[in-house]
Amino acid sequence: MPSPVLPLADLGPLLPERGALLGLDLGDKTIGVAVSDPDRRLATGVETIARKRFTDDANRLLALAAERRVAGLVLGLPLNMNGSEGPRAQSTRAFARNLARITDMPIGLWDERLSTAAVERELIAADASRRSRKAVIDQHAAIFILQGALDRLLRGPA
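Rendered as structure tokens:
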């Protein structure tokens, strides 16, 4: 049975009491991946996947999910500043729908406006070189996205 793709607020009730979440920052060329602890309090970077075909990307993500006993997925949804959805958000939704067809894990979408910009500012403040920033920015954006989602889920319904 395909999994649902939901706003983050609707993801919580579908999750078991314990179990890690996998957070994804989807880019055109890479996918930043982060994972939470089983209690869903802390996000940690896992890897950056060089994008190929959907099937290859999905297989790697599902392998990571199985290795880490993941209960659900959180994808950053890149909304425009006014809250509307542009081409990148539509692409993320399409990826989520395709992924939902091949997994039974629930998938939540979380507003990721400015996540990459915020992470880049943090890395610049930490005096990371342009080369080192490029190597880690997608993974750090995934951490930023997942940590925001975890904090929101811990607070409960709005």
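Numbering (UniProt numbering), first residue to last: 1 to 158. For glycine and all other residues, C-beta sits at the position ideal for the given N, C-alpha and C. As the structure is a prediction and not an experimental result, all values here were calculated from the model.
Going straight from the alpha carbon of residue i to that of residue j, what length do you get?
i, j, result
"R68", "A58", "15 Å"
"A20", "N82", "31 Å"
"D151", "I102", "28 Å"
"N98", "M105", "13 Å"
"G86", "A9", "21 Å"
Which of the three DSSP states is assigned to residue i in this structure?
i, result
"L75", "strand"
"L26", "strand"
"L12", "Correcting the residue type first, residue 12 is Gly in the shown sequence and not Leu. Residue state, collapsed to three classes: helix."
"G111", "With the sequence shown as reference, residue 111 is identified as Asp, and Gly is not the correct amino acid for it. Correct three-state label for D111: strand."
"S3", "coil"
"S91", "helix"
Would a C-beta distance cut-off of 8 Å place residue i and residue j closer than the cut-off?
i, j, result
"A100", "S36", "no"
"R88", "P78", "yes"
"Q139", "A34", "yes"
"G108", "P7", "yes"
"G23", "A43", "yes"
"G45", "I143", "yes"
"T48", "G32", "yes"
"D39", "R60", "no"
Can you list, in chain order, the residues of its chain whose CB lies under 8 Å from that of residue i, leaving out five sequence neighbours each side?
i, result
"A50", "K29, T30"
Would you please state the rounded distance, in angstroms, between the beta carbons of residue i and residue j? I believe it to be under 8 Å.
i, j, result
"L26", "L75", "6 Å"
Could you name the residues of the same chain whose beta carbon sits closer than 6 Å to that of residue i, not counting the 5 residues immediately before and after it, in chain order?
i, result
"L153", "G12"
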